[in-house]
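For the sequence shown, position 43 (counting from the first letter as 1) is numbered 152 according to my numbering, and the numbering increases by one without interruption.
All C-beta atoms in this analysis are idealised placements derived from N, C-alpha and C, irrespective of residue type, glycine included.
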Amino acid sequence: MIDNEFTHSIVLPLDVPFFDSEDLEKLLKFSVDNSVIVVPSRHFDGTNALLRSPINSMTPRYDEGSYSFQIESAQKDDVKISIGLIYRLMLDIDNTEDLEFVIKQNIKPELCKKIREIIEK
């Protein structure tokens with residue numbers, strides 16, 4: 110990506126199905142050079158979105174405890190850190206409890222309806 114001169118990278122895990130384009134626009138709006146924006150999971154134990162500018166400004170990691178790791182990595186690399194508390198991006202599905210929680214939120218009604226139908230079968 111560096112060869113292509115991209116200025117930003119956004120990483121979104123596959124288990125974050127409820128965000129929309131407005132959420133990504135918010136991330137980009139608040140991005141500044143030599144910075145990262147970390148969007149934690151609702152439990153503040155994982156990373157649900159990571160925006161880096163420039164794209165090699167820090168080394169990310171994605172597994173249990175990644176939220177804390179991203180912050181430590183950015184601090185080590187002397188990069189400005191912002192925490193993005195963007196509700197839809199904070200909703201991930203790691204287990205049954207998360208699934209039940211997001212269905213109750215009904216943020217994307219059609220998707221929630223289909224998930225309910227699958228669960229009830």
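Rounded Cβ spacing between residue i and residue j (contact assumed at less than 8 Å)
{"i": "Asp-132", "j": "Leu-198", "result": "5 Å"}
{"i": "Leu-159", "j": "Gln-179", "result": "6 Å"}
Cross-strand partners of residue i (DSSP beta bridge)
{"i": "Ile-119", "result": "Leu-160"}
{"i": "Ile-146", "result": "Leu-160 and Ser-191"}
Residue i, DSSP secondary structure in three states
{"i": "Glu-173", "result": "coil"}
{"i": "His-151", "result": "With the sequence shown as reference, residue 151 is identified as Arg, and His is not the correct amino acid for it. Here Arg-151 sits in coil by DSSP."}
{"i": "Val-125", "result": "coil"}
{"i": "Lys-213", "result": "helix"}
Buried or exposed (CB count within 10 angstroms, at least 16 for buried), residue i
{"i": "Thr-156", "result": "buried"}
{"i": "Arg-225", "result": "exposed"}
{"i": "Val-120", "result": "exposed"}
{"i": "Ser-130", "result": "exposed"}
{"i": "Val-141", "result": "exposed"}
{"i": "Ile-71", "result": "Residue 71 cannot be examined here, being either before or after the span of the chain that is shown, 110 to 230."}
{"i": "Leu-136", "result": "buried"}
{"i": "Pro-149", "result": "buried"}
{"i": "Gly-193", "result": "buried"}
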